[in-house]
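Heads up: the structure comes next, in structure tokens.
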Amino acid sequence: MTSRSLSQFTARFAPGLVCTVATSAAAQFAATVEIPQLDVSEYHRPYVAVWIEGPDRSVINVGVWYGVDMKNDEGESWLKDLRQWWRKSGRDLNLPIDGLSGPTRPVGTHEVRIPSSISDKLVEGEYAMFVEAAREVGGREVVRVPFTISRNSKVNVSVKGERELGTVTLRQID
Amino acid sequence: MKSNRLLLLAGLVLGTSALHAHRVWILPSMTVLSGTDQWVSFEAAVSNNLFFPNHRPVPIEAIEVRGPDGAPVTVQNAVGGQVRSSFELQLKTQGTYAISLKPGIVRRPTSPGDPTLFGSYEKDGKIERWRGTPKSLVSEGMAKKPGFKLRESGGRHVVTFVTCGKPSDTVLKVSGKGIEIEYLTHPNDLFVGEAARFRLLLDGKPAANAEVTVVRGDDRYRDEAGDVNLRTDKAGIVQVKWPQAGRYWLEANATTAGTLYGVPTEKSYTYIATFEVLPD
Chain E
1 MTSRSLSQFT ARFAPGLVCT VATSAAAQFA ATVEIPQLDV SEYHRPYVAV WIEGPDRSVI
61 NVGVWYGVDM KNDEGESWLK DLRQWWRKSG RDLNLPIDGL SGPTRPVGTH EVRIPSSISD
121 KLVEGEYAMF VEAAREVGGR EVVRVPFTIS RNSKVNVSVK GERELGTVTL RQID
Chain V
1 MKSNRLLLLA GLVLGTSALH AHRVWILPSM TVLSGTDQWV SFEAAVSNNL FFPNHRPVPI
61 EAIEVRGPDG APVTVQNAVG GQVRSSFELQ LKTQGTYAIS LKPGIVRRPT SPGDPTLFGS
121 YEKDGKIERW RGTPKSLVSE GMAKKPGFKL RESGGRHVVT FVTCGKPSDT VLKVSGKGIE
181 IEYLTHPNDL FVGEAARFRL LLDGKPAANA EVTVVRGDDR YRDEAGDVNL RTDKAGIVQV
241 KWPQAGRYWL EANATTAGTL YGVPTEKSYT YIATFEVLPD
């Protein structure tokens, strides 16, 4: 799916919707990303990108949290610090994109919406959800959450980051 | 490690044979950028260490920039210093920029009527160096020395690249003239652990078995610079696997045979580029 069609699709949904009711029998998913409390003298909320890679390594963007409201689009100048995401997808996008772009989030655990436009694409196979965080005057971390879509079991995975990210989860909810 | 051949080449290019350890470079502060109207600062110098200005500047007027559309871009806040030149560039267009030295301008010109010539010949199974002028070439009968060859500079290309947004290819297009690299891997898409592939071209044709030297920056903090010496394959391709993230200096040398003043020459071409390799 292109980012444009993703944008058109997700724009129809109300913001904050965690999951959507699909007409098809495809599975529904809920993800969470924890931004940890850090004991640092200068703290800025991290920029975060969330995406899923399929068996062919193609990128399905889920979300990117950055300084979306900064004047002169200054927030976009730091997107390159999400190095892996920037290379795999970010530099090909024309941000902001409705339903994908969002503001930075505070410390805490955040629900990440996986719209059915994405979950419908998750046919049987091996996947990984990636969460990359980069913080101004701080560090960077990528958490990879591998998961398998199969008829026999439901996805319920969790990986803990080491520094810039806390626990990242992905759960099949239907 | 520098061979005597390279020493002589440096002598030709820089006008003195004592400068073999000196390396010329243009170093960007950043190579991968996002957003609009971004600024990048640059330093350009000839130095003993990478990338610390400690010898001579590159003349600021030697710098030329081409933008993503291939058109010239004006540098800003240019300063020609004592040991380095510096300037800034505003990236108003998304894509890849090439920052290079105008050919020839850095070379110290010799007197046109009486240029200094460098050559070599074989004596008792060893290579002997020769230095002279067109006149002494004749008066010393150099043409009759076994294996005598004059060294000739085919030119030097010094370049670096920066990209804002999606990498583009316009400034990477090869012209088919002189020494060039065809970037099979984009120069602003280099990552540690991945092999980059570059094809060395001389007048548009693959330069096979050519010397390529790759050195990571910050050599001042190492006892040995740790030059990686590679050669291009039959197709002119060199594969570079970056051992760690950082800023790298690459030099490629290729030669062709010709004649000058009625004697055979070995014409040397040099391509020098500065790259940034990012952690994965």
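Residue numbers (the numbering used here), protein chains in the order written: chain E, 1 to 174; chain V, 1 to 280. We put the CB at the ideal spot given by N, CA and C, even for glycine. Predicted model only: the values in this text are computed from it and were never measured.
CB residue i to CB residue j, shorter than 7 Å?
i, j, result
"Gln244 of chain V", "Val192 of chain V", "yes"
"Ile296 of chain V", "Phe51 of chain V", "Chain V is shown only over 1 to 280; residue 296 of chain V falls outside these bounds and no answer can be derived."
"Trp51 of chain E", "Val62 of chain E", "yes"
"Asp98 of chain E", "Thr36 of chain V", "no"
"Val107 of chain E", "Ile35 of chain E", "yes"
"Thr270 of chain V", "Thr160 of chain V", "no"
"Val214 of chain V", "Val228 of chain V", "yes"
"Arg156 of chain V", "Glu266 of chain V", "no"
"Leu82 of chain E", "Ala134 of chain E", "yes"
"Thr232 of chain V", "Ala207 of chain V", "yes"
"Ala45 of chain V", "Leu101 of chain V", "no"
"Gly141 of chain V", "Leu117 of chain V", "no"
"Val145 of chain E", "Val159 of chain E", "yes"
"Val162 of chain V", "Thr31 of chain V", "yes"
"Ala31 of chain E", "Ile149 of chain E", "no"
"Glu136 of chain E", "Glu164 of chain E", "no"
"Val24 of chain V", "Val158 of chain V", "yes"
"Pro134 of chain V", "Tyr261 of chain V", "yes"
"Met129 of chain E", "Leu95 of chain E", "no"
"Gln172 of chain E", "Val157 of chain E", "no"
"Ala195 of chain V", "Ala252 of chain V", "no"
"Arg199 of chain V", "Glu182 of chain V", "yes"
Could you name the residues of the same chain whose beta carbon sits closer than 8 Å to that of residue i, not counting the 5 residues immediately before and after it, in chain order?
i, result
"Pro68 of chain V", "Thr93, Gln94, Gly95, Thr96, Tyr97, Ser168, Thr170, Val171"
"Gln37 of chain E", "Val107"
"Trp39 of chain V", "Glu88, Leu89, Gln90, Leu91"
"Ala26 of chain E", "Ser116, Ser119, Asp120, Leu122"
"Pro264 of chain V", "Phe148, Lys149, Leu150, Ala257, Gly258"
Residues of chain V with a CB under 8 Å from the CB of residue i: which are they?
i, result
"Leu187 of chain E", "Here chain E covers residues 1 to 174 and nothing more, so residue 187 of chain E does not appear."
"Asp73 of chain E", "Gly35, Thr36"
Just to confirm my understanding: we take residue i, look at its own chain, exclude 5 residues before and 5 after, and list those with CB closer than 7 Å. What are they?
i, result
"Gly81 of chain V", "Pro57"
"Ser41 of chain E", "none"
"Ala225 of chain V", "Val215, Asp219"
"Val277 of chain V", "Leu190, Phe191, Val192, Trp242, Ala245, Gly246, Tyr248"
"Asn54 of chain V", "Ser47, Asn48, Val83"
"Pro302 of chain V", "Summary: the structure shown does not reach residue 302 of chain V, with chain V confined to residues 1 through 280, and so no result is reported for it."
"Ile127 of chain V", "Ser120"
"Trp86 of chain E", "Leu79, Lys80"
Based on the DSSP secondary-structure assignment, which residues constitute the bridge partners of residue i?
i, result
"Tyr261 of chain V", "DSSP, once it has assigned bridges, lists no residue as partnering Tyr261 of chain V."
"Ile52 of chain E", "E:Ile60, E:Met129"
"Trp39 of chain V", "V:Gln90"
"Phe29 of chain E", "E:Gln172"
"Thr167 of chain E", "E:Lys160"
"Ser68 of chain E", "Contrary to the premise, residue 68 of chain E reads as Val rather than Ser in this sequence. Beta-bridge pairing links Val68 of chain E to no other residue."
"Asn253 of chain V", "V:Glu211, V:Thr270"
"Pro57 of chain V", "V:Ala45"
"Ala225 of chain V", "None; Ala225 of chain V has no bridge partner."
"Gln76 of chain V", "V:Glu88"
"Trp25 of chain V", "V:Ala45"
"Ser153 of chain V", "V:Ser268"
"His44 of chain E", "Bridge partners of His44 of chain E: none, in fact."
"Thr160 of chain V", "V:Thr274"
"Pro103 of chain E", "E:Tyr66"
"Gln37 of chain E", "According to DSSP, which records beta bridges pairwise, Gln37 of chain E is partnered with nothing at all."
"Ile114 of chain E", "Its beta-bridge partners do not exist; DSSP assigns none."
Once the 5 residues before and after residue i are set aside, which same chain residues still bring their CB inside 6 Å of it?
i, result
"Glu180 of chain V", "Val174, Leu201"
"Leu33 of chain V", "Cys164"
"Trp193 of chain E", "Only positions 1 to 174 of chain E appear in this structure, which leaves residue 193 of chain E out of reach."
"Gly166 of chain E", "Glu34, Pro36"
"Ile99 of chain V", "Ile26, Val65, Thr160"
"Gly67 of chain E", "Gly75"
"Lys166 of chain V", "none"
"Val168 of chain E", "Val33, Val131, Val143, Val145, Val159"
"Leu230 of chain V", "Val212, Val238"
"Ala22 of chain E", "Residue confidence is low: Ala22 of chain E scores 40 on pLDDT, short of 50, so the model does not pin down where it sits. Its coordinate-derived value is still stated next. So the qualifying residues of the chain are Ser116."
I want to check one thing, is the minimum distance from the CB of residue i to the heavy atoms of the ligand FAD below 6 Å?
i, result
"Thr256 of chain V", "For the ligand FAD, the structure offers nothing, since it holds no ligand at all."
Exercise. Mind listing which residues of the region 77–104 of chain E have their C-beta closer than 8 Å to chain V's C-betas, in chain order?
Worked result: Flagged, chain order: Ser77, Trp78, Leu79, Lys80, Arg83, Gln84, Trp86, Arg87, Gly90, Arg91, Asp92.
For this session: Select from the region 143–177 of chain V all residues with a C-beta closer than 8 Å to any C-beta belonging to chain E, and list them in chain order.
Result: Here the close residues are Gly165, Lys166, Pro167.
For this session: With 7 Å as the C-beta to C-beta threshold (strictly closer), list the residues of the region 35–67 of chain V near chain E in chain order.
Result: Taken in chain order, the members of the region 35–67 of chain V whose beta-carbon sits within less than 7 Å of a beta-carbon on chain E are Gly35, Thr36, Gln38.
For this session: Please name the residues in the region 253–279 of chain V whose beta-carbon is closer than 8 Å to at least one beta-carbon of chain E, in chain order.
Result: So the close ones are Leu278, Pro279.
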